[in-house]
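Just so you know, full-length UniProt numbering puts 130 at position 130 of the sequence shown, and the rest follows in order with no gaps.
These notes are about the structure you will find just below.
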Amino acid sequence: MTIEPTLVVLFPFHKTQFVSQRRARTVVMITAIIAIAFSARLLVIPMDTAMIIGNFLTIVIAKRAVNRRHDLFANNSNQQNCKMDSTESQLMLMLLIVTLMFIVYFIPFTITNVVSRLGLPFDYWFTQKSFEGYTALRVLSALLKDSNFYTNFDVYCVSGRQFCFAFFSLLNVHHRRSTAISTKFKHKFRLRIKKNS
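In structure tokens form, the structure reads like this:
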């Protein structure tokens, strides 16, 4: 869904090396080109093929991550292993919560989408009143699906101590910077008043 959690999972210690404005622009451009190509029907990949390829890539990446983890734990001391283990368990808990929230938020939308795409005879299945209820349920499920994206921030705040620390330090830096600017402005203003009087 987003690139940042993927980088955290794949490269937990090297994430900052990958994030830059230039790389972000490159990723956005590549994504836009791929989206345009798919919407233009130039590249039509059957869903079965896409699922097989996606699952295969997921298995390969997970296997590589497990091998790296074993190598990393074999090469580090016990004290470093304990610290990495607590960080890793915290990260796994956060990812588990995000994944479960994704599943819970998307199930109602998926069910209503499947019902609408099956082409059910609505005259037979729905009366006017029940169809209105179905439409309201469909709108609420779409709202629930969209709420998944902005609740991830709350999950990061609750489950990640380092995320909270970085976020609040960013707010403190911004607050200190704005306070320093206003103090500097007030000082210059007072000097001008003294010069003019």
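Here a beta-carbon is modelled for each residue, glycine too, at the ideal position from N, C-alpha and C.
Residues of the same chain with a CB within less than 7 Å of the CB of Lys-145, apart from the 5 flanking positions on each side, are Tyr-105, Phe-106 and Phe-109 in chain order. Note that the C-beta distance between Met-92 and Tyr-156 is not below 9 Å. Taken through DSSP and simplified to helix, strand or coil, Leu-118 comes out as coil. Asn-148 places its beta carbon less than 9 Å from that of Phe-102. Straight-line spacing of the CA atoms in Ile-30 and Thr-58 works out to 21 Å. Within the same chain, and ignoring the five residues on either side of Ser-130 in sequence, no residue has its Cβ closer than 8 Å to its Cβ.
Around the beta carbon of Ser-141, a 10 Å sphere encloses 16 or more other beta carbons of the protein chains shown; the residue is thus reported as buried.
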